[in-house]
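Notes for the one structure printed next.
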Amino acid sequence: MSTIQVPEVVRRYAVTLLGATAERGVGDAVGGDLAGLQATLEASAELRDFVGNRILTPEAATKALDALFEGKVDGLTLNFMRLLVQRRRIHLLPAIVDCAQQLLAEQAGISTAQVRSAVELSSEQVEQLQQRLAGHTGGDVRVEVEVDESLRGGLIARIGDKVFDGTIETQLARLHRRLIGN
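Under the numbering used here, the first residue of the sequence shown carries the number 7, and numbering increases by one thereafter.
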């Protein structure tokens with residue numbers, strides 16, 4: 007979790023979930039559930055609204071969870087979401103899923119590169135960037151791209167405490183220092 011600061015409660019729930027999956031031998035199933043939940047949370051405003059709704063009673067929220075996920079996710083995943091409902095922590099689900107995904111990636115030796123780019127990158131550009139960053143780290147890299155319109159051009163990639171700055175401003179500053187130095 008070196009690349010992202012998360013609240014301790016989120017981290018504890020993520021670690022507990024992953025510990026239970028390892029204990030029960032359902033890591034692959036729950037890992038798939040987490041990936042699916044993450045994609046669904048990103049794609050569905052209704053699901054985000056549901057998990058963020060603190061007005062629903064635990065009974066109503068549990069019924070809704072059962073209707074949405076029973077038979078579609080591993081029992082451990084569903085029971086974990088029910089636990090979050092009972093403890094009135096279901097609003098933390100998106101952060102817990104993100105944290106658990108990050109922990110799983112770290113366990114698998116995959117680094118996460120957080121990339122800020124001046125423009126939207128094509129899938130081909132993301133793949134090339136991923137390969138170049140993997141060459142620098144010596145391992146697999148997952149790239150998360152965010153468009154940052156405050157950048158004039160280029161991009162900044164952060165992997166843990168390493169920063170690769172390929173912005174126009176930085177390149178111009180380097181050129182300026184070289185010209186002044188000569």
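Virtual Cβ for every residue (Gly too), placed ideally from N, Cα, C.
### Message
Is residue 133 close to chain C? Criterion is C-beta to C-beta, closer than 9 Å.
### Response
In the structure shown, chain C cannot be found, because there is only a single protein chain.
### Task
Note the first and the last residue of the continuous beta strand (DSSP E) segment covering residue 117.
Looking at the DSSP string, the run of the beta strand (DSSP E) that includes residue 117 is 116-123.
### Task
Measure from the alpha carbon of residue 12 to the alpha carbon of each residue in 70, 115 and 102, then state which is nearest.
Nearest C-alpha to residue 12 among 70, 115 and 102: 102.
### Buried versus exposed call for residue 119 [16 or more other C-beta atoms within 10 Å across all chains shown]
By the neighbour-count rule (16 or more Cβ atoms within 10 Å), residue 119 is buried.
### Task
Within the same chain, show all residues whose beta-carbon is closer than 8 Å to that of residue 57, passing over the 5 residues directly before and after it, in chain order.
So the list reads 47, 96, 97, 99 and 100, once near-sequence residues are dropped.
#### Entry: Assumed close pair residue 143, residue 160 - CB separation to whole angstroms, cut-off 8 Å
A Cβ-Cβ distance of about 20 Å is found for the pair residue 143 and residue 160, leaving them out of contact under the 8 Å criterion.
### Query
By Cβ distance below 6 Å, which residues in the same chain neighbour residue 170 in space, the five residues on each side in sequence not counted?
Once the five neighbours on either side are set aside, the close Cβ partners of residue 170 are 163.
### Message
In the DSSP assignment, the alpha helix (DSSP H) including residue 69 goes from what residue to what residue?
### Response
Unbroken alpha helix (DSSP H) run through residue 69: 64-75.
### Query
How about residue 24 and residue 33: do their beta carbons lie closer than 9 Å?
Yes; because the gap between Cβ atoms is below 9 Å, this pair is in contact.
#### Entry: Chain-order list of residues whose beta-carbon lies under 6 Å from that of residue 80 (same chain, five-residue window excluded)
If you ignore the 5 residues before and after residue 80, its C-beta comes within less than 6 Å of the C-beta of 32, 35, 36 and 39, all in its own chain and listed in chain order.
### Message
Just to confirm the assignment, what range does the beta strand (DSSP E) spanning residue 161 have?
### Response
That run of the beta strand (DSSP E) goes 161-165.
### Message
Quick check on residue 66: buried or exposed, where buried means 16 or more other Cβ atoms within 10 Å of its Cβ?
### Response
Sixteen is the threshold: since fewer than 16 other Cβ atoms of the shown chains lie within 10 Å of the Cβ of residue 66, the residue is exposed.
### Task
Can you say whether residue 8 is buried or exposed, counting buried as having 16 or more other CB atoms within 10 angstroms of its CB?
Residue confidence is low: residue 8 scores 41 on pLDDT, short of 50, so the model does not pin down where it sits. Its coordinate-derived value is still stated next. Its Cβ having fewer than 16 others within 10 Å, residue 8 is exposed.
### Query
Since residue 153 sits in a beta bridge, which residues does DSSP pair it with?
DSSP lists 123 as partners of residue 153.
#### Entry: Cα-Cα separation, residue 167 to residue 147
About 14 Å.
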